[in-house]
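Data first, discussion second: the structure below is written as structure tokens.
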Amino acid sequence: MTVSVQNRSESFKYDQVSRYITALVEKGDLKPGDKAPSLRRLSKELGVSISTISQSYLSLEDQGVLTAKPQSGFFVNSMVSQINNLPKTTTATGQPHRVRFGELFEKIFANANNPRIVPFGEAKPSMEFMPVKSLARTTRSIISRHPQKCMDYCFPPGDRRLREQIVEQYAQINTRVSVDDVIITSGATEALSLCLRTVAKRGDIIAVESPTYFAVLRMIEKMGMLALEIDTDPQTGMELDALGEAFDTMDIKAVLASPNISNPLGCLMPEENKRELVNMLAERDVPLIEDDVYGNVYFAEKRPRTAKSYDLNNLVLSCSSFSKTLAPGFRVGWVLAGKYRDKIIELKQATFSATSSINQIAVAEFLASGQYDRHLVRFRKAMHDQVEKGRFMIAKSFPKGTCISNPQGGNVLWVEMPQGCDSIEVFNRALQKNIGVTPGMLFSATRRFRNYLRINCGFPWNETNQAAIAILGKIVSDVLVESNT
Ligand SMILES: Cc1ncc(COP(=O)(O)O)c(C=O)c1O
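In terms of my numbering, the sequence shown opens at residue -14 and continues consecutively.
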């Protein structure tokens, strides 16, 4: 049964039960083989009907968290023991590298738009979780009310109303910016690209997380810069001691990182580390390019602060977009460019020029109406559930020794397969079965993470997707066995 067919209070209770049980398993209070609380007991404890508990248990069985035993009740699946095996920090080479993806990249993304492929290889949430109808309604309404404005150019820095709305969003999270600080871009990709080109040139060293979002490496490759991978903790992000040591011996021109929910690790840098990172760079007069695209997709109670909010020297360039929360195809992003503002505007004028007017105006209206904030509340909860379910299904289907990230937000998982399991082989075999995954090698300039995969959980766990995880687990097990023989 899917949550969407239930009424809201029923769905709330149903989720509450699932979360309660998965939390007990994650904390180790319920161990593999333990009997789950009886329907009657849990019904009393949580004040939820027996039928809701029963449905929730059946769905936990589908996900591999519980196993039903006739006449005896529900037990914690023995396979979930690896749910608490997290990938470890790995040590990078400590040297800057030229990035050379070449054809590998194109090959892996050849099927990016193919609807027949199960989209575990993407990093975006399914449109089923986006407010498609209300955004379409808003867009139709603004076109009929402001047809000329919608169809005219909107040159940098972009639509003023949208920039005002973005400033209001920041005001809610202790990041003080003015309307003039915001430059609208065509997605975060354009923002990141403009930032890199503004603060560095060919041959310069850019420090990045390891693993890091491959498109950033791709940009560094195409701009002829060098990537310096800094060790990154799967929970707390870039290791500042390692970054400090790198600064002692190298002329680093910029640091590019996602302190709030990195892709692929889903790690969240503690607030004191963000402050320290910003101060460390300020002492050396080095800019930080902050990629905050997942900043709004956090799982904790409170929105994490941006690194920008600690920036007293105007040295942080903070990039984000509406791609991961609203409409990736709208291509609306922005950058708070600090002291580089004028240079960025100049570069944008000279390269990408204006960003789509209709899309900017529609997003501004959507934000101003309060629909975006309301959507985010539901959306974050949905992504959290998606990721939790994904973790359990992978734990159930993948071979022993697999480690799975425990992201603090976003919609992807970083999966460390046992040593010897080649992610390119897994990718090729999965593709033959119409299943997409992203091989770990793409997240490193030195092609490490060979035995890692990134798996998207932003798609509803329907029967096809659940079956695909099971098939993927079988492929990984086969590849592993063959690598050992
Ligand atoms: C970490 C990260 N940064 C930036 C982007 C690009 O965002 P946009 O689609 O807004 O260009 C993505 C998209 O996958 C991402 O995962």
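We put the CB at the ideal spot given by N, CA and C, even for glycine.
Proximity of residue i and residue j at Cβ, strictly below 8 angstroms
i      : j      : result
Ser471 : Thr291 : Only positions -14 to 470 of the chain appear in the structure, and residue 471 is not among them; the question remains open.
Gln220 : Cys180 : no
Pro244 : Glu275 : yes
Ala453 : Val50  : no
Tyr198 : Ile246 : no
Val61  : Gly32  : no
Ala108 : Asn248 : yes
Met115 : Leu311 : yes
Arg182 : Leu321 : no
Pro196 : Leu250 : yes
Leu438 : Val411 : yes
Ser475 : Gly58  : Since the first residue shown for the chain is -14 and the last is 470, residue 475 is missing from the structure and cannot be characterised.
Gln422 : Gly106 : Before going on, a small fix: residue 422 reads as Val here, not Gln. Yes, the Cβ-Cβ distance between Val422 and Gly106 is below 8 angstroms.
Asp277 : Ser305 : yes
Leu82  : Ala212 : The sequence shown places His at residue 82, rather than the Leu named in the question. Cβ distance < 8 angstroms, so His82 and Ala212 count as in contact.
Spatial distance of residue i from residue j (CA atoms)
i      : j      : result
Ala380 : Thr387 : 7 angstroms
Lys459 : Ser66  : 18 angstroms
Trp319 : Val461 : 39 angstroms
Glu11  : Ile440 : 20 angstroms
Asp0   : Ser41  : 8 angstroms
Met448 : Glu46  : The amino acid occupying residue 448 in the given sequence is Glu; Met does not appear at that position. Their Cα atoms are separated by approximately 13 angstroms.
Ile168 : Ser63  : 52 angstroms
Met223 : Arg433 : 17 angstroms
Arg148 : Pro100 : 34 angstroms
Leu241 : Leu352 : 28 angstroms
Lys186 : Lys207 : 11 angstroms
Asp137 : Val466 : 60 angstroms
Leu300 : Ala239 : 10 angstroms
Pro445 : Gln451 : 9 angstroms
Ser342 : Ser3   : 43 angstroms
Lys366 : Gly355 : 18 angstroms
Ser382 : Asp358 : 36 angstroms
Ala192 : Phe428 : 14 angstroms
Ile389 : Ser408 : 15 angstroms
Pro392 : Leu398 : 7 angstroms
Asp233 : Thr75  : 21 angstroms
Glu194 : Asn258 : 14 angstroms
Pro132 : Asp165 : 26 angstroms
Residue i - DSSP class collapsed to helix/strand/coil
i        : result
Lys459   : helix
Asn264   : helix
Met(-14) : Reliability fails at Met(-14), whose pLDDT of 33 lies under 50, so the model's placement of it is uncertain and the value that follows must be treated cautiously. Reduced to three states, the DSSP call for Met(-14) is coil.
Lys339   : Sequence check: residue 339 is Ala here, not Lys. If DSSP states are grouped into helix, strand and coil, Ala339 belongs with coil.
Tyr437   : strand
Asn59    : The sequence given here has Phe at residue 59, not Asn. Three-state result, Phe59: strand.
Ala156   : helix
Leu253   : strand
Ser308   : coil
Arg145   : helix
Ser39    : helix
Leu302   : strand
Cys406   : coil
His82    : strand
Lys16    : coil
Cys180   : helix
Lys366   : helix
Leu120   : helix
Leu297   : coil
Cys135   : helix
Ser66    : helix
Leu465   : helix
Leu51    : strand
Ser247   : coil
Ser23    : coil
Ser44    : helix
Ser195   : strand
Residues that DSSP places opposite residue i in a beta bridge
i      : result
Thr217 : Met223
Ala242 : Glu275
Arg125 : In the DSSP output, where bridge partners are listed per residue, Arg125 has none listed.
Tyr5   : DSSP, once it has assigned bridges, lists no residue as partnering Tyr5.
Thr170 : Gly318
Val103 : Ile420
Trp399 : Arg439
Tyr283 : Gly394
Ile190 : Leu211 and Ile237
Cβ-heavy atom distance, residue i to ligand 3, below 7 angstroms
i      : result
Val103 : Among the ligands modelled here, namely ligand 1, ligand 3 does not occur.
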